[in-house]
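Enquirer: These protein sequence lines map, in sequence, to chains W, H and B. For the first sequence, position 63 matches number 54 in the numbering used here, and the numbering has no gaps at all. One rule links them: number in the numbering used here = place in the second sequence (from 1) + 1. One rule links them: number in the numbering used here = place in the third sequence (from 1) + 627. Just so it is clear, CB atoms sit at the ideal spot from N, CA and C, and this is done for glycine as well.
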Amino acid sequence: MEFVQAVIDGLLIGGVYAVISIGLTLVYGVMGIVNFAQAEFVMIGMFVAWFAWAWLGLDPVLAAPLSFAVAFAIGWVVQGHLIARVLKAPSVAQIFLTVGLLIVFENGALMMFGSQFRSVTTSYQTMSLSLGPLFVSLPYLIAFGMSLACGTALWWFMRSSWFGRAMRATALNPSAAQLMGIDAGLMYRIAFALGVGLTAFGGAIILPYATVSPTAGSDYVVLMFTVVVLGGLGSVAGAVAGGLAVGIVQALSALVFPIQLQNLILFLVFIAVLGIRPQGLVGASR
Amino acid sequence: MKRWMLPLTALAIALLLPLLLDPRGYWIRVLAFTFLFAAMAQAWNIVGGLANQTSLGHAAFFGIGAYTSTVLLLKFGISPWIGMIAAAGLGGVAAFAIAIPTMRLQGHYFALATLAFGEVLRVVANVWTSVTGGASGISVPFSSPSLLTYSFKLLRPHAYVALAALVIVTVIFEIVRRSAMGYRLRAIKENPAAAEVIGIDTAKVKLQAAIVSGMLMAMLGTLYAQVAVFFDPDTVFSAASISIRVALIAILGGIGTPVGPILGAFFIIPLEELMNDWFSASAAGLSQLTFGLILIAVILWRPRGFVTLFKSLSSRFGGASA
Amino acid sequence: MTVLDVRGVSKRFGGLQALSDVTFSVGEGQIVGLIGPNGAGKTTFFSTLVGLIRPDRGSIALDGRSIVGAKPHRVAAYGMTKTFQNVALFGDCTVLDNVLTAGLLRHDVQAARDEACRSLDRVGLLAIADKQADTLSFPERARVELARALCTGPKVLLLDEVMAALNPVEMREIMTLIRSLRDDGITLLVVEHHMRAIMAICDRILVLNFGKLLADGTPKEIAGHPEVIEAYLGQSMEKHR
Chain W
-8 MEFVQAVIDG LLIGGVYAVI SIGLTLVYGV MGIVNFAQAE FVMIGMFVAW FAWAWLGLDP
52 VLAAPLSFAV AFAIGWVVQG HLIARVLKAP SVAQIFLTVG LLIVFENGAL MMFGSQFRSV
112 TTSYQTMSLS LGPLFVSLPY LIAFGMSLAC GTALWWFMRS SWFGRAMRAT ALNPSAAQLM
172 GIDAGLMYRI AFALGVGLTA FGGAIILPYA TVSPTAGSDY VVLMFTVVVL GGLGSVAGAV
232 AGGLAVGIVQ ALSALVFPIQ LQNLILFLVF IAVLGIRPQG LVGASR
Chain H
2 MKRWMLPLTA LAIALLLPLL LDPRGYWIRV LAFTFLFAAM AQAWNIVGGL ANQTSLGHAA
62 FFGIGAYTST VLLLKFGISP WIGMIAAAGL GGVAAFAIAI PTMRLQGHYF ALATLAFGEV
122 LRVVANVWTS VTGGASGISV PFSSPSLLTY SFKLLRPHAY VALAALVIVT VIFEIVRRSA
182 MGYRLRAIKE NPAAAEVIGI DTAKVKLQAA IVSGMLMAML GTLYAQVAVF FDPDTVFSAA
242 SISIRVALIA ILGGIGTPVG PILGAFFIIP LEELMNDWFS ASAAGLSQLT FGLILIAVIL
302 WRPRGFVTLF KSLSSRFGGA SA
Chain B
628 MTVLDVRGVS KRFGGLQALS DVTFSVGEGQ IVGLIGPNGA GKTTFFSTLV GLIRPDRGSI
688 ALDGRSIVGA KPHRVAAYGM TKTFQNVALF GDCTVLDNVL TAGLLRHDVQ AARDEACRSL
748 DRVGLLAIAD KQADTLSFPE RARVELARAL CTGPKVLLLD EVMAALNPVE MREIMTLIRS
808 LRDDGITLLV VEHHMRAIMA ICDRILVLNF GKLLADGTPK EIAGHPEVIE AYLGQSMEKH
868 R
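(1) Would you tell me roughly how many angstroms separate the C-alpha atoms of B/VAL630 and H/THR203, rounded to the nearest one?
(2) Looking at chain H, which residues of the stretch 668 to 680 of chain B have a Cβ within less than 7 Å of any of its Cβ atoms?
(3) List the residues that DSSP assigns as beta-bridge partners of B/LYS638.
(4) Using the Cα positions of B/ALA886 and B/VAL659, report the straight-line distance between them to the nearest angstrom.
(5) Taking DSSP as the reference, what is the three-state secondary structure of B/GLN759?
(6) Are any of the Cβ atoms in chain W nearer than 8 Å to that of H/LEU272?
(7) Rank W/TRP147, W/VAL247, W/ASP0, W/GLU31 by C-alpha distance to the C-alpha of W/LEU120 and give the top, closest one.
(8) What do you reckon, are the CB atoms on W/SER10 and W/SER114 nearer than 8 Å?
(9) Tell me the rounded alpha-carbon separation between B/ALA667 and B/SER674.
(10) By alpha-carbon positions, which one of H/SER239, H/ASN277, H/VAL198 ends up nearest to B/GLY730?
(11) By the criterion of Cβ-Cβ separation under 9 Å, what are the contact partners of H/ASN127 in chain W?
(12) Which residues does DSSP list as the beta-bridge partners of B/ILE662?
(13) State the beta-bridge partners of B/LEU840 as determined by DSSP.
(14) Give the range of the beta strand (DSSP E) segment to which B/LEU786 is assigned.
(15) For B/LEU815, tell me which candidate among B/ALA776, B/ILE687, B/ARG799, B/ALA850 has the shortest Cα-Cα distance.
(16) Would you call W/HIS72 buried or exposed, if buried means 16 or more other Cβ atoms sit within 10 Å of its Cβ?
(17) Just the Cα atoms here: how many angstroms apart are H/ALA100 and W/ILE196?
(18) B/ILE755: which of B/VAL771, B/PHE765, B/ARG740 sits nearest, CA to CA?
(19) For B/LYS638, return the contacting residues in chain H, with the cut-off set at a CB-CB distance below 8 Å.
(20) Just to confirm before moving on: does the CB-CB distance between W/ILE288 and H/PHE118 stay below 8 Å?
(21) Might you give, ordered along the chain, the residues of its own chain that have their beta carbon closer than 8 Å to the beta carbon of B/PRO766, omitting 5 neighbours on each side?
(22) Which value, in whole angstroms, describes the spacing of the CA atoms of B/SER686 and B/GLY696?
(23) Grab me the residues of H/SER145's own chain with a C-beta within less than 8 Å of its C-beta, minus the 5 sequence neighbours each way, in chain order.
(24) Where B/ARG868 and B/ALA858 are concerned, what is the direct C-alpha to C-alpha distance, given to the nearest angstrom?
(25) Quick check on the burial criterion: 16 or more other C-beta atoms within 10 angstroms. Buried or exposed for B/ASN665?
(26) Any beta carbon of chain B sitting closer than 8 Å to that of H/GLU328?
(27) If you compare alpha carbons, which of W/TYR200, W/THR190, W/ALA157 is closest to W/SER128?
(28) Does the stretch 207 to 221 of chain W come close enough to the stretch 49 to 68 of chain W that 3 or more CB-CB pairs lie under 8 Å?
(29) Tell me, please, which residues DSSP counts as bridged to B/ASP632.
(30) Per DSSP, which one or two residues make a beta bridge with B/THR708?
(31) Using a Cβ-Cβ cut-off of less than 7 Å, list which residues of the stretch 694 to 709 of chain B approach chain H; keep chain order.
(32) Answer with buried or exposed for H/LEU116, where buried requires no fewer than 16 other C-beta atoms within 10 angstroms of its C-beta.
(33) Could you tell me the boundaries of the beta strand (DSSP E) in which W/SER204 lies?
(34) What does H/ALA194 touch in chain W if you count any residue whose Cβ is under 8 Å from its own?
(35) If I measure Cβ to Cβ from H/ILE1 and keep anything under 6 Å in the same chain, skipping five residues before and after, which residues do I get?
(36) For the stretch 836 to 853 of chain B, list every residue whose C-beta sits within 8 Å of some C-beta in chain H, in sequence order.
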């Protein structure tokens, strides 16, 4: 029974992990770069939601779209002015540009908000539904619901909207796409801004049961990368599968291992996937 | 004749510097760490520069080195010099363990994987309290000052040991670069498929480079332990302060060149110290923030020439690069 | 004496059958041409021979030793190497260093340097030994690549369109070079689009289309072979009556 409970918890939180990680895989799929600063947008999303709660009394789940918007704007500017300039540079330069961004975001937040940990309290934080012998935590359920909504919206966007299809075309074959009149630069901007926006959205959803601080991003780095690598860098569907898988792995390992080791399990999964099947369980290699 | 004069002059200055600085002062410590980080960057340079594999996980070897010699000293009273050899051994094993699964990875993927490895070791060190003392860190036992026990009262001898390490690692770098292995690494960097077809066992060569680099980095970890006297996993296995910084020093100075890491270290380490000095009074994080902004600015200014920023200088002084 | 024996080699990439049951053998000292329309699978075949691609089925034996599944560096050690169609030089290195690196397979650095000079001299490029490889013209680069392949001391040399973009004078020089390599005991497989050159220097010609070996014979036999003509020119006039 503990096992089933863990699987349920894992699935619910896995949905959020998926939302957080989709952005990373989207950016890689369209632009070919790994954004080492991606996890910082979890922190940014969390902060936006926290301030919305502290100043406006807004529930973090309702503030999630706001987090998305703020991150989208930041991403739009960053991609257009910074990242676009190194798309043709050696991977070393690309890696260290996003590493530089990571340093700037983390320390910028430190300077603006101070290092103390903050959290929110909501009316439903400790509530849960009972399904027979099992408990479904309400915050988890709501988070999962939001992730589902977000995921569905993204799916629709990628499949049906012109922008979504144009982005996929750019990802598959930038020169052909350009010949069709698609502005690759615009696509990259949308992809990046969308990617970081989604991650921030996920951050806001997580806030009810996490704490935010300028260093919060680093808690999610390995998790995010594990999800993405497990599902295949570049595959959105893979990120979803990976997110759920990581959620379950984490929940199950919590049954057996002390908390410090749980991250270790994730790391090892990460390394194993990279070594054995770099293209991930679902995705195709780039 | 002329080519030897400049490195020799530089070496002479380097030998004199520790004598000119106040032995109890602040700057002798900065100098010692500059030498040490230059050596670390040079060790990284073998993998990151010659083999063109951007490793963001070299802290793994560094931490292994620091902990190996210290634990041996603490529990068995073994001299750090011998501990250093053990550290080199374990560093080599770790390099092997990391290189095998990451063998086929390139660019970003490789960086990610190595970053993860470094973090794995950091977590393990934090948790394995019985051996490492866990998150609260470990103290290097004092003994009466002597070269034999690698224990000194003042920093000046440490600076000289670090300088000696820098010279040795640089010599090893040059030997690798000019040897058959150097040619093979260059070929692999330029075109791995073509390298294979003309008979280069790319996997073996990359493995060899990784092991040399890992062993050297581990030995430098021992050096650090003896200077710092106290450390914890979050310091020696740090992705930001060790792995990324070391790579940055080599890249900024001139990746793949023998003099690059040295230039890079002498630019970055004192600059960081100065910024910490100026800024830490005002706000936590300001110095790091500024550093991040400088990093971004430099990459944007010369995204392709990011590595050639000092290269033109380096190749004039240190001989041809690559 | 058979130096290269290929049997039933097949390779599929997703929906495309790139190679289909290719079978032939080559005797020592032969110059064998490999022709076929674009996309026929010639470069894929070369890549499979040297080990860059692993065939789904079939066997490849070099001097009686099976090399299927061996990595390219092993195959090179056993004595077979190839040049790349688009030329894969080490751009950041000098011409000499490019060739020297190949010599390291069987020599130390000093001896490799001497071997490299010899190889460069053979292709007539010793004069530009110190130039940076990515500053060369395409024909020059193709020749350096040939010198580099030579420097591995091969028994079997696979040349992938070494005569592309050459003027007639240069082509004749390469043809003379290929013949002299054969006189030194090297067996050569040559992919080329220049029909006249192929007909002139090859003892035997293999024709590949859609991954299948269409024909295997002397230049004269191939020239008159109806399926070969059809492969290149489309269906013959006869069929349209």
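Expert: Short version:
(1) A straight line joining the alpha-carbon of B/VAL630 with that of H/THR203 spans about 27 Å.
(2) Cβ contacts with chain H come from VAL677, LEU679.
(3) B/LEU646.
(4) Nothing can be reported for residue 886 of chain B: it is not among the residues displayed for chain B, which extend from 628 to 868.
(5) Strand, per DSSP.
(6) For H/LEU272, the nearest beta carbon of chain W is not closer than 8 Å to its own beta carbon.
(7) Answer by Cα proximity: W/ASP0.
(8) Reading off the sequence, residue 10 of chain W comes out as Val, not Ser. Contact annotation: W/VAL10 and W/SER114 have beta-carbon atoms that are not nearer than 8 Å.
(9) Rounded to the nearest angstrom, the two C-alpha atoms are 13 Å apart.
(10) Of the candidates H/SER239, H/ASN277, H/VAL198, the one whose C-alpha sits nearest the C-alpha of B/GLY730 is H/VAL198.
(11) Within chain W, the residues placing a beta-carbon under 9 Å from that of H/ASN127 are GLN251, ordered along the chain.
(12) B/VAL834.
(13) Note: B/LEU840 is bridge-paired with B/LEU835 in the DSSP secondary-structure output.
(14) Residues 783 to 787.
(15) Out of B/ALA776, B/ILE687, B/ARG799, B/ALA850, B/ALA776 has the C-alpha closest to the C-alpha of B/LEU815.
(16) Burial call: exposed.
(17) H/ALA100 and W/ILE196 have their C-alpha atoms some 38 Å from each other.
(18) Of the candidates B/VAL771, B/PHE765, B/ARG740, B/VAL771 places its Cα closest to the Cα of B/ILE755.
(19) None at all; the shortest Cβ gap to chain H is about 17 Å.
(20) In the structure as shown, chain W starts at -8 and stops at 277, and residue 288 of chain W therefore has no counterpart that could be examined.
(21) Answer for B/PRO766: ALA792, LEU793, GLU797, listed in chain order.
(22) CA-CA distance, B/SER686 to B/GLY696, rounds to 9 Å.
(23) The answer, listed in chain order, is SER152.
(24) Note that B/ARG868 scores a pLDDT of 42, beneath 50, so its modelled location is shaky and nothing firm can be said.
(25) Counting other Cβ atoms within 10 Å of its Cβ, B/ASN665 stays below 16 and is therefore classed as exposed.
(26) Only positions 2 to 323 of chain H appear in this structure, which leaves residue 328 of chain H out of reach.
(27) By alpha-carbon distance to W/SER128, the top candidate from W/TYR200, W/THR190, W/ALA157 is W/TYR200.
(28) A contact between stretches requires three or more CB pairs, one per stretch, nearer than 8 Å, and the stretch 49 to 68 of chain W fails this requirement with the stretch 207 to 221 of chain W.
(29) Note: B/ASP632 sits in a beta bridge opposite B/SER652, B/ALA688.
(30) Answer is B/LEU784.
(31) Legend: CB atoms of the stretch 694 to 709 of chain B lying less than 7 Å from CB atoms of chain H belong to residues LYS698, PRO699, HIS700, ALA703, ALA704, THR708, LYS709.
(32) If you draw a 10 Å sphere on the C-beta of H/LEU116, you find 16 or more other C-beta atoms in it, and that means buried.
(33) Where W/SER204 is concerned, there is no enclosing beta strand (DSSP E), given that its DSSP letter is neither H nor E.
(34) Going along chain W, no residue has its Cβ under 8 Å from H/ALA194, so there is no contact; the nearest lies around 16 Å.
(35) Given that chain H is displayed from residue 2 to residue 323, the structure contains no residue 1 of chain H and the question cannot be resolved.
(36) Hits within the stretch: zero.
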